[in-house]
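I have placed the structure first, in the form of structure tokens, so that the comments after it can refer back to it.
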Amino acid sequence: MKPSLQAAERMLRRRGRHLAAGAVGAAVMVACIGWGARVLLGHAVLGGTAAHPHIDLLLLSACIVVLTLLGAAYALARRGLANDMAALRRLAEQDRRAERRLRTSEARLRAVFEQTAVGIALHAVDGMTVRRVDVNAAFCRMLGVSRETLMAQAPGAAVHPDDAPRSRETLRQLLAGEVPAVVLEQRYLHSSGRHVWMRVSASIAHGDDDGARYVVSVLEDVSQARFAQLELERARSRELAIGARIQQALLVSRSQADVPGVWLGTFNQASQGIDGDFVEVIRHGPLCVDVVSGDVMGKGVNAALIGAAVKMQISRTLAELLTRRAEQGARGPLPTPSEIVADVHRAMTPMLQELDAFVTMSYVRIDAARGLLTWVGCGHEEPLLARADGGVEALANQHPPLGVVDGQHYEQASTRLDEGDGLLLHSDGVSDARMPGGERVGRDRLREAFARAASRHGTPAAVVQVLRRELLADAEVEDDLTMVFARVPPRGQRRLELPRNAAAIAAVRGAVQKMALQEGVGGTEVDLFEVAVVEAFTNVVRHASGVPDRAPVELLLAPSRGTLAVELVYAADAYVPPSELPGTRLEDLPEGGFGLSIIQRSCDRVDYRMSSGICTTRLELWHEVAWVA
Amino acid sequence: MDLTARTEAGDVLVIALGEDCLDASNVQEFRDTALSMLHDAQRVVLDMGAVSFVDSSGLGALLACLRHVHGRQGDFRLCNLTGSVQALFELMRMHRVLHILPTREEAVRSYAS
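Each protein sequence line maps, in turn, to chains A and B.
Each residue of the first sequence is one higher than the last, beginning at 1 in our numbering.
Each residue of the second sequence is one higher than the last, beginning at 1001 in our numbering.
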């Protein structure tokens, strides 16, 4: 029974005793008053004689009436008191039952708290901080520590250091009332040293005053699921990496920058790590090269395998046609693009139809010696030809994709190709990409951007990187992207496409030495010029910012009479060299700061240019006839 | 990194750099290996006879070696520089801080005088 009920019972009992005493007192008082009245009346009326029988009878009757009234009042008071006592006992009984229910409920909750499989932690809220109040056995088991150890730790002490900042921020949001509840997965440190992944569901428990009283956290060990998911992701990454390597090795030929008479630059980006876009470059001899760009319907490994098969068939077809000619004793011209495509079509169509697939393809032959461009278009995005005078022409498709129609007869078309002309082959992934506003890049926009890029920039990687930057930098790309740019370079110029990596320094040096040898110059000045070119390249490798992923550095060797000239062309943020070199005190034994000094002191002229995201550093060494070896 | 070390004339540590170049592509490896070889040596000769190319990062690494040896009150001398390397050293006035001798023998002997 509650203390208040016990006090009420004591008060009622006290009131009962007072009532009984009051009743007895009142009766005695009435008897005394009656006796006194009889004596007084006797003296006054009878003169001290014996009481008159009528007076006694009257007084006795009055006393009886008064006592009867008192008795009735007492009986009524007792009854009220008894009722109060009964009500009080009922209340006490109800109270005892409620207490029993509460104890049962608490025992049940404690059993749930202690015996549940999930971890539970209770933290008391004090403003924006919390204090650990209780943890259950499951939480202790999950971390491999005793309850005492866990209770002694500060809240959050067992959270993995890498996850702690996010955990603290989440708690802050919860306490600040920014979120009603949180669910997050984070790592906890197990006593064995390993970490345990937990899914934590936390919410605020409010008090009667509606204020935040507790943070209740329920923790579930999700390590197995998490590790399985990580393993799955790793397996998928491995598969994609293998696929990407296969794609780069089998489907997209590396830039053939050293094809004499033709500069080539390629860019490929698969939407799923591996795709059906493919590029093939076949060199037939000096100044003649076939470039093939294709796209297999679909994406993923299947499309890639079909792409690889088509590439292989092109090489096989070419070899067979050449062998057949040799057997017939023919020493004529090469098999034409239309002959090659027709044979590939014949060989591939049954397989493609069986697989319910088709392949779009542009097959282009660049014959720089004859100034002739010949192509066969099979449903692919039409190649764009930028003329040196700024005009752009689309090379129309003559045929549907390979594998669509049986017994197709293939035709080719030709156009002249002059020095400075540039050809862009691309997949539909470029024109289908969606720009930030949701609008497709589209063929018109691509054509305009290409016309600008081809007229401003001479080297293929620069053109490709400008298109990538202008059209695709912020675009949403759903399909594979492939761009191949080929250009007939100015006579006497040579180009190297290098990775932005210090390992390419040897190639840089070799190119400069070769140019000097071809120009018949040598000596100390050329040695130092070689160092200067390496310094300029190293500056790009180490310091260039804003370089797109996998964007190469182009080394353009452009000697002219009396001048060795090297240009480094690369996509990056603008670079402005300091107008004055920082003073370097050799006595301080500095370990850096020599590069720009070497460039300035070893070159006769150094120019830095920037145009639409393409940086060009040009270094010149002017040589005299007296240097000729 | 082709670096070989031996002691001559008692306490002169002679290190031969067997690489064709000392540039950004291999300078970190040179620096780590050379500094571990130098350890607490006080008389050091670096034979650069095989090196035909040095760039600014190579110069920086050589000055790091010099600084290391100077820190132990020692000296770090170079010898056998090829023409192109010599030209770069002259261009950058390196002879003002680096003691350069024509041959290994002269470099070792220079510590005796």
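Think of the CB as a built atom: it goes at the ideal place given N, C-alpha and C, for glycine as much as any other residue.
Everything numeric in this text was worked out from a predicted model, so none of it was measured.
Open item on the list: In this structure, how does DSSP classify L594(A) when only helix, strand and coil are distinguished?
Closed with: Position check: residue 594(A) holds Phe in this sequence, whereas Leu was assumed. Of the three classes helix, strand and coil, the one that applies to F594(A) here is coil, per DSSP.
TODO: Give the residues from the segment 1052-1066 of chain B that approach chain A closer than 8 Å (Cβ to any Cβ), ordered along the chain.
DONE: The residues in question are F1053, V1054, D1055, S1056, S1057, L1059, G1060, A1061, L1063, A1064, L1066.
Open item on the list: Using C-beta distances below 7 Å, list every residue in its chain close to M151(A), excluding the 5 sequence neighbours before and after it, in chain order.
Closed with: Annotation for M151(A): R132, V135 place their beta carbon closer than 7 Å to its own, counting only its chain and skipping 5 residues before and after.
Task: Reference Q1086(B), options A1064(B), H1039(B), H1099(B), L1035(B), closest by Cα - done: In this structure, H1099(B) is the residue among A1064(B), H1039(B), H1099(B), L1035(B) with its C-alpha nearest to the C-alpha of Q1086(B).
- [ ] Kindly indicate which residue of L355(A), N501(A), R491(A), R79(A) has the alpha-carbon position closest to the one of A368(A).
- [x] Among L355(A), N501(A), R491(A), R79(A), the Cα nearest to that of A368(A) belongs to R491(A).
Open item on the list: Measuring only the C-alpha atoms, how far is E393(A) from R387(A)?
Closed with: Computed Cα separation, rounded: 8 Å.
- [ ] Check the Cβ of E535(A) against every Cβ in chain B and list those closer than 7 Å, keeping chain order.
- [x] Correct list: D1055, S1056.
Task: Near-chain B residues of the segment 401-415 of chain A (beta-carbon distance less than 7 Å), N- to C-terminal order - done: Cβ contacts with chain B come from no residue of the segment 401-415 of chain A.
TODO: List the residues of chain B that S597(A) touches, going by C-beta distances under 9 Å, in chain order.
DONE: Using a Cβ-Cβ cut-off of 9 Å, S597(A) is close to S1056, L1091, M1092 of chain B, given in chain order.
- [ ] Return no unless some Cβ of chain B is closer than 8 Å to the Cβ of W622(A).
- [x] No Cβ of chain B is located within less than 8 Å of the beta carbon of W622(A).
TODO: For the segment 1017-1029 of chain B and the segment 501-508 of chain A, state whether three or more C-beta atom pairs, one from each stretch, are separated by less than 8 Å.
DONE: Flag = yes, the segment 1017-1029 of chain B and the segment 501-508 of chain A touch.
Task: E641(A), DSSP secondary structure in three states - done: Nothing can be reported for residue 641(A), as the shown portion of chain A is limited to 1 through 629.
Task: Contact with chain B by I282(A), beta-carbon distance below 8 Å - done: Chain B, which has no Cβ nearer than 8 Å to the Cβ of I282(A), makes this no.
Open item on the list: Under 8 Å, Cβ to Cβ, is there at least one residue of chain A near D1002(B)?
Closed with: By this cut-off, D1002(B) is not an interface position.
TODO: Would you identify the three-state DSSP class for A1016(B), choosing helix, strand or coil?
DONE: A1016(B) sits in a strand when the DSSP states are folded into three classes.
TODO: Check each residue of the segment 1065-1080 of chain B: if its Cβ is closer than 7 Å to any Cβ of chain A, include it; give the result in chain order.
DONE: The residues in question are L1066, R1067.
Open item on the list: Along the chain, where does the beta strand (DSSP E) containing C288(A) start, and where does it finish?
Closed with: DSSP places C288(A) in the uninterrupted beta strand (DSSP E) bounded by 288-296.
TODO: Report the partner residues of W263(A) according to the DSSP bridge assignment.
DONE: Answer is R487(A).
- [ ] Evaluate R14(A) with the Cβ neighbour count: other Cβ atoms within 10 Å of its Cβ, from every protein chain shown; 16 or more gives buried, anything less gives exposed.
- [x] Here R14(A) is exposed: its Cβ has fewer than 16 other Cβ atoms, across all protein chains shown, within 10 Å.
- [ ] Using a Cβ cut-off of 8 Å (strictly closer), state whether S1084(B) contacts chain A.
- [x] Judged by the 8 Å Cβ criterion, S1084(B) is in contact with chain A.
Task: Contacting residues, own chain, Cβ-Cβ under 8 Å from A1064(B) (five flanking each side not counted) - done: Cβ neighbours of A1064(B) within its own chain (closer than 8 Å, five residues either side excluded): R1031, L1035.
TODO: Please confirm if V259(A) has its CB atom under 8 Å from at least one CB of chain B.
DONE: Not closer than 8 Å to any Cβ of chain B, the Cβ of V259(A) fails to qualify, so no.
- [ ] Determine the chain B residues that contact T524(A) at a beta-carbon separation under 8 Å, and present them in chain order.
- [x] Around T524(A), the beta-carbon contacts reaching into chain B at under 8 Å are G1083, S1084, A1087.
TODO: Using a cut-off of 7 Å between C-beta atoms, extract the partners of I505(A) located in chain B.
DONE: Chain-ordered, the chain B residues with CB closer than 7 Å to the CB of I505(A) read D1023, A1024, S1025.
- [ ] Please report the residue range of the beta strand (DSSP E) in which S362(A) lies.
- [x] 359-367 is the span of the beta strand (DSSP E), which, as asked, contains S362(A).
Task: CB contact flag (T360(A), D432(A), <8 Å) - done: With respect to D432(A), T360(A) sits apart: the two C-beta atoms are not nearer than 8 Å.
Task: Limits of the unbroken alpha helix (DSSP H) element including D432(A) - done: Going by DSSP, D432(A) is part of the alpha helix (DSSP H) stretching over 428-432.
TODO: Can you grab the Cα-Cα spacing for the pair F485(A) / R469(A), in whole Å?
DONE: Roughly 15 Å separates the two Cα atoms.
Open item on the list: Determine, for S545(A), whether the minimum Cβ-Cβ distance to residues of chain B falls below 8 Å.
Closed with: Not one chain B Cβ lies under 8 Å of S545(A).
Open item on the list: Please state the DSSP three-state secondary structure of A347(A).
Closed with: Secondary structure of A347(A) (DSSP, three-state): helix.
Open item on the list: Please classify N1080(B) as buried or exposed, where buried requires at least 16 neighbouring CB atoms within 10 angstroms.
Closed with: It counts as buried.
Task: Given S1084(B) as reference, the closest of L1062(B), A1050(B), R1067(B), R1077(B) once Cα atoms are compared - done: For S1084(B), the nearest C-alpha among the options comes from A1050(B).
Open item on the list: Can you confirm whether the segment 316-328 of chain A touches the segment 220-239 of chain A when touching is taken to mean that 3 or more C-beta pairs between the two stretches lie within less than 8 Å?
Closed with: No contact exists between the segment 220-239 of chain A and the segment 316-328 of chain A.
TODO: Would you please state the rounded distance, in angstroms, between the beta carbons of Y575(A) and C603(A)? I believe it to be under 8 Å.
DONE: The C-beta distance from Y575(A) to C603(A) rounds to 16 Å, too long to fall under 8 Å, and the pair is not in contact.
TODO: Following the continuous alpha helix (DSSP H) through G276(A), name the residue where it begins and the one where it ends.
DONE: Note, G276(A): premise wrong, no alpha helix (DSSP H); not H, not E.
Task: Run of the alpha helix (DSSP H) containing C140(A), from where it starts to where it stops - done: Boundaries of the alpha helix (DSSP H) around C140(A): 137-143.
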